Amino acid sequence: MSAHSLHMRRAMELAKMQAGRTAPNPSVGCVILDREGVKISEAATGDGGRPHAEELALSRLPVGAAAGGTAYVTLEPCRERSGGTASCSQRLIDAGVAKIIIATRDPHPLGSGGLTRLREAGLQVELGPLRVEADEFYEEFFDSVHENES
111 MSAHSLHMRR
121 AMELAKMQAG
131 RTAPNPSVGC
141 VILDREGVKI
151 SEAATGDGGR
161 PHAEELALSR
171 LPVGAAAGGT
181 AYVTLEPCRE
191 RSGGTASCSQ
201 RLIDAGVAKI
211 IIATRDPHPL
221 GSGGLTRLRE
231 AGLQVELGPL
241 RVEADEFYEE
251 FFDSVHENES
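Numbers in the working numbering are just positions in the sequence shown, counted from 1, shifted up by 110.
Here it is in structure tokens:
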């Protein structure tokens, strides 16, 4: 199994451990590596949907620790936040993360577009490790987003 798959597998485990506890938000897992490829933080979405996984994982680190590093996230980091605080994509940019690996895209209007924002900020973005598993895990969330669009 590749290093990408191992780190994304851990992020999926974290998300699954919080499943059913994060409504109205989906449960997301995040693993952060430093520039040397050493895991330095991990988190899942908090109870009730806050904090988001990326926010929590970054908050556990000293300032600058994630600079040049890689983040593995099970769902596209949000482009915007409803509460007026910084989005997860902006937090990753501000932390200096150089690369982000995402299992699957977020169809929610506040989440969708996070990948574009990250790319525009110069981060290397990869999509797809464990995508099938992530799509199955988020199926109910995806269905609820599409139902609300109708």
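Beta carbons are placed, not taken as given, at the ideal position from N, Cα and C, and that holds for glycine.
Every value quoted in this text rests on a predicted model; they were computed, and no experiment measured them.
For residue i versus residue j, is the C-beta spacing smaller than 7 Å?
i	j	result
arginine 145	glycine 174	no
glutamate 190	leucine 220	yes
valine 235	arginine 229	yes
phenylalanine 251	proline 134	no
alanine 244	threonine 195	no
glycine 309	proline 187	With the chain covering 111 to 260 only, the question about residue 309 has no answer from this structure.
alanine 205	alanine 176	yes
Compute the beta-carbon to beta-carbon distance between residue i and residue j, rounded to the nearest angstrom, for a pair I have assumed lies under 8 Å.
i	j	result
tyrosine 248	leucine 166	Contact flag wrong, Cβ pair sits at about 19 Å.
Rounded to whole angstroms, what is the Cα-Cα separation between residue i and residue j?
i	j	result
aspartate 216	alanine 113	24 Å
alanine 181	arginine 227	15 Å
proline 239	histidine 256	24 Å
glutamate 152	glycine 158	18 Å
proline 161	methionine 111	31 Å
arginine 201	glutamate 164	8 Å
valine 148	lysine 209	14 Å
valine 141	isoleucine 150	8 Å
serine 344	aspartate 253	One cannot answer for residue 344 here, as it falls past the ends of the chain, which runs 111 to 260.
May I ask which residues mark the beginning and end of the alpha helix (DSSP H) holding residue i?
i	result
serine 199	198–205
leucine 124	113–127
valine 242	241–247
threonine 226	224–230
What residue range does the beta strand (DSSP E) around residue i cover?
i	result
leucine 171	Segment: none, leucine 171 is in no beta strand (DSSP E) and carries neither H nor E.
glutamate 236	234–237
threonine 180	180–185
leucine 143	139–143
valine 154	Valine is not the amino acid found at residue 154; the sequence shown has alanine there. That run of the beta strand (DSSP E) goes 149–154.
Taking all protein chains shown into account, decide if residue i is buried (16 or more other Cβ within 10 angstroms of its Cβ) or exposed.
i	result
valine 183	buried
leucine 237	exposed
alanine 125	buried
arginine 131	exposed
arginine 170	exposed
methionine 122	buried
alanine 129	exposed
valine 118	Strictly speaking, residue 118 in this sequence is methionine, with valine absent from that position. Classification for methionine 118: buried.
serine 115	exposed
serine 192	exposed
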